[in-house]
Each structure stands twice: as C-alpha cells, then as structure tokens.
Amino acid sequence: MDLLIHLISFFYKMENFYLKTYYSDICVGSVACRLEKKEGGAVRIYIMTLGVLAPYRGLGIGTKLLNHVLDLCTKQNIKDIYLHVQTSNEDAINFYKKFGFEVTDTIQNYYTNITPLDCYVLTKFLSQTKK
Numbered sequence: 001m002d003l004l005i006h007l008i009s010f011f012y013k014m015e016n017f018y019l020k021t022y023y024s025d026i027c028v029g030s031v032a033c034r035l036e037k038k039e040g041g042a043v044r045i046y047i048m049t050l051g052v053l054a055p056y057r058g059l060g061i062g063t064k065l066l067n068h069v070l071d072l073c074t075k076q077n078i079k080d081i082y083l084h085v086q087t088s089n090e091d092a093i094n095f096y097k098k099f100g101f102e103v104t105d106t107i108q109n110y111y112t113n114i115t116p117l118d119c120y121v122l123t124k125f126l127s128q129t130k131k
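According to the UniProt record's numbering, the stretch in the sequence shown is residues 1 to 131, in order.
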C-alpha cells in the first residue's frame with residue numbers, strides 16, 4: 001500500500017498544525033496538534049486528535065502519523081507532548097504506551113457526551129537533539 005503523508009501546516013510558524021495521510025485520493029488518517037506555551041518560555045504539544053478510518057487500521061498509518069509528529073517535536077526541541085484519552089479506550093492507551101507515553105493524570109468528568117466521562121492524560125517527555 002502506497003501512502004503519502006502531507007504536512008499541511010508548517011511547524012515553524014504554527015500554533016496549530018495537522019498532518020493527513022492519503023491512499024490514492026482518499027484521506028484515510030490525520031493528526032491535529034496545538035502548540036502550547038508554558039511558563040518560562042518552554043513549549044509543549046497537545047495532540048487534539050489522531051484517527052485512522054476503520055478499514056485502514058492496523059496498517060501502520062497511525063504509527064507513521066505519530067512518528068512524524070514526534071520527529072518534528074524532537075527537531076524543534078519540544079520538551080513534552082500530551083493528549084487526553086477516555087479511560088475505557090484500551091486500544092488507544094496501549095497504542096500510545098508503545099511510543100513511551102505514560103499516564104500522568106486522571107481527570108474526572110472530562111467528557112460531557114460520552115461515557116465513561118473520565119479521561120487519562122498521557123504524556124511523553126522527549127529527549128533533546130543537539131543543533
């Protein structure tokens with residue numbers, strides 16, 4: 001399967017950016033992220049969403065998308081990247097743990113329209129590269 005990942009928004013100028021993966025002319029996966037500034041000038045990335053269409057799951061598309069985001073973050077000396085995952089979403093939790101994410105918090109009643117309402121905060125602390 002020949003997949004193409006498009007960087008839609010440039011990392012250098014971003015507050016938000018997203019990547020899309022295409023198979024032929026069909027968008028089969030995407031990830032959307034947001035740059036957040038922390039006290040002291042440090043920045044981190046929040047993964048707002050990462051998804052792959054059901055028929056294309058298990059083909060490594062989510063892995064390619066997440067690896068691309070992690071590579072961009074490392075090159076830009078981003079210190080950490082985090083996301084929220086519903087506490088019952090074992091597939092997503094296990095997926096992110098394979099990449100070194102760890103549960104750093106639990107938020108009660110985070111969601112309003114789905115059950116369970118609770119979520120985990122998963123965080124990956126990135127090692128820095130030398131420029």
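Idealized CB from N, CA, C, for every residue including glycine. From a predicted model like this one, the values you see are computed outputs, not experimental measurements.
6 Å CB neighbourhood of Val52 in its chain, flanking five on each side removed: The residues Gly29, Ile61 and Gly62, in chain order, have a CB closer than 6 Å to that of Val52 in the same chain once the five nearest residues on each side in sequence are set aside.
Residue closest to Leu19, alpha-carbon to alpha-carbon, out of Ala32, Asp25 and Ile26: Residue Ala32 holds the alpha-carbon nearest to the alpha-carbon of Leu19 among Ala32, Asp25 and Ile26.
7 Å Cβ shell around Tyr56 - same chain, five flanking residues per side excluded: Within the same chain, and ignoring the five residues on either side of Tyr56 in sequence, the residues whose Cβ sits closer than 7 Å to its Cβ are Tyr23, Val28 and Gly29.
CB contact flag (Tyr44, Ile78, <8 Å): Strictly speaking, residue 44 in this sequence is Arg, with Tyr absent from that position. Closer than 8 Å, so yes.
Nearest-angstrom Cβ-Cβ length linking Tyr120 and Val69, presumed shorter than 8 Å: With a Cβ gap of about 19 Å, Tyr120 and Val69 do not count as contacting.
Sheet register partners of Thr104 (DSSP bridge): Under DSSP, Thr104 shares a beta bridge with no residue.
Same chain only: Cβ atoms within 8 Å of Ser9, ignoring 5 sequence neighbours per side: With a pLDDT of only 42 at Ser9, under 50, the local geometry of the prediction cannot be trusted, and no value is derived from it.
Spatial neighbours of Leu126 in its chain, beta-carbon cut-off 8 Å, leaving aside the 5 residues before and after: Hits under 8 Å: Leu70, Cys73, Thr74, Ile78, Lys79, Asp80 and Ile81.
Per-residue DSSP class, three states only, for Leu19: Strand at Leu19.
Ile26 versus Gly58 - alpha carbon distance: Cα to Cα, Ile26 sits roughly 17 Å from Gly58.
Residue span of the alpha helix (DSSP H) that contains Phe125, given as start and end: Per DSSP, Phe125 lies in no alpha helix (DSSP H) segment; the continuous beta strand (DSSP E) that holds it begins and ends at Cys119 to Phe125.
Continuous alpha helix (DSSP H) stretch holding Leu72: start and end: Its alpha helix (DSSP H) spans residues Ile61 to Lys75.
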